[in-house]
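Worksheet: one structure, shown below.
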Amino acid sequence: MLRLPAVAGRFYPSESKELASLVREYSRPDAHEPAAPVQACLVPHAGYMYSGHVAGAVFRRVVLPGKIIVLGVRHYPRGEPAAILSSGAWRTPLGDAPIDEALAEELRRECPLLHEDSVAHSTEHSLEVQLPFLQVLAPGFSFVPVALGTVEFSSLVNVGEAMGRVLARAKESVLLLTTSDLNHYEDDRTTRVKDRKAIDRLLALDARGLYDTCRNEEISMCGLGPAVAMLTALDALGRKESELVKYATSADVSGDLSQVVGYAGMIFS
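With this note's numbering applied, the sequence shown closes on residue 505, and no number is skipped along the way.
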């Protein structure tokens, strides 16, 4: 299956040279913070105008391997709540990004909750907007797309533990690239307070705490499911290091403080 771009020209430029130039601008290396291998990262998925600078700050800190699991959100109630694609490629204005079939099949075998499903991925932007960064910064990479909807905590743990087992067996480096925005559509001050609570749980690698905090504090973190699965996988792998690379809200770009979305860029090693 060739998955065609759904948000080119809206979330990011549809012209290839402009897109590649923008990715390089956002992810320009910093000599004071050299790139290093990491096990996982968290990046936002809004339009590049709003969150591209946060994603780029993460990507310039990461030595990207040739194999990447992209763990995103199923924003729309279509398709399976835990959806994987295990063959084909995704097209962007920069070309086709191939799915790593062997890695995808291993994930499917390890986690029966993941269902092969193209419908959940067909218009989903959270994974798509990561691909131009990977195409520019890690040419020749292959990836596995996974989209998680709103599912029970126990199911998220199941997915995360399965990913942890697959990553533990991997003979070469595999990055778990997880994508989520933080609180949505409240004023800037409220959003920053709520986001700090979620970020603290992420930094503590506390999957249960993140889930409960977002539910109890009404933090509308769209990628709560993917983040819980990621933290569970990191725990299974014995990873303990975390860093907040950059935080922003949409108000930093738009100037509108009345209704904002929060964005965090984080690395885990």
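Just so it is clear, CB atoms sit at the ideal spot from N, CA and C, and this is done for glycine as well.
Predicted model, so just to flag it, every value in this text is computed and none were measured.
Cβ neighbours of A434 within its own chain (closer than 7 Å, five residues either side excluded): L418, L446, T449, C450, I455, M457. Put simply, the backbone Cα of P348 is about 11 Å away from that of I320.
No residue range can be given for C347, since it is assigned to no alpha helix (DSSP H) and is classified by DSSP as neither H nor E. Contact annotation: S322 and E342 have beta-carbon atoms that are not nearer than 7 Å. Three or more beta-carbon pairs separated by less than 8 Å are not found between the stretch 286-297 and the stretch 349-356, which leaves the two stretches without contact.
Per DSSP, the unbroken beta strand (DSSP E) holding V496 starts and ends at 496-504. Straight-line spacing of the CA atoms in V395 and A282 works out to 25 Å.
Between the stretch 272-279 and the stretch 404-423 there are three or more inter-stretch CB-CB distances shorter than 8 Å, so the stretches are counted as touching.
Annotated three-state conformation of G331 is strand, per DSSP. The C-beta separation of E364 from W326 comes to about 7 Å, placing the pair in contact by the 8 Å criterion. Beyond the five residues adjoining it in sequence on each side, F389 comes within less than 6 Å, by CB distance, of Y447 in the same chain, given in chain order.
In the DSSP assignment, T415 forms a beta bridge with V279. Per DSSP, the unbroken beta strand (DSSP E) holding E422 starts and ends at 420-422. Around the Cβ of A406, a 10 Å sphere holds fewer than 16 other Cβ atoms; the residue is exposed.
By the neighbour-count definition (other C-beta atoms within 10 Å, threshold 16), Y421 is an exposed residue. Membership of T485 in the beta strand (DSSP E) is indicated by the continuous run 478-485. I304 sits in a strand when the DSSP states are folded into three classes. When the beta-carbon positions are compared, L493 and D431 stay at least 7 Å from each other.
Within the model, the alpha-carbon separation for V489 versus R345 is close to 43 Å.
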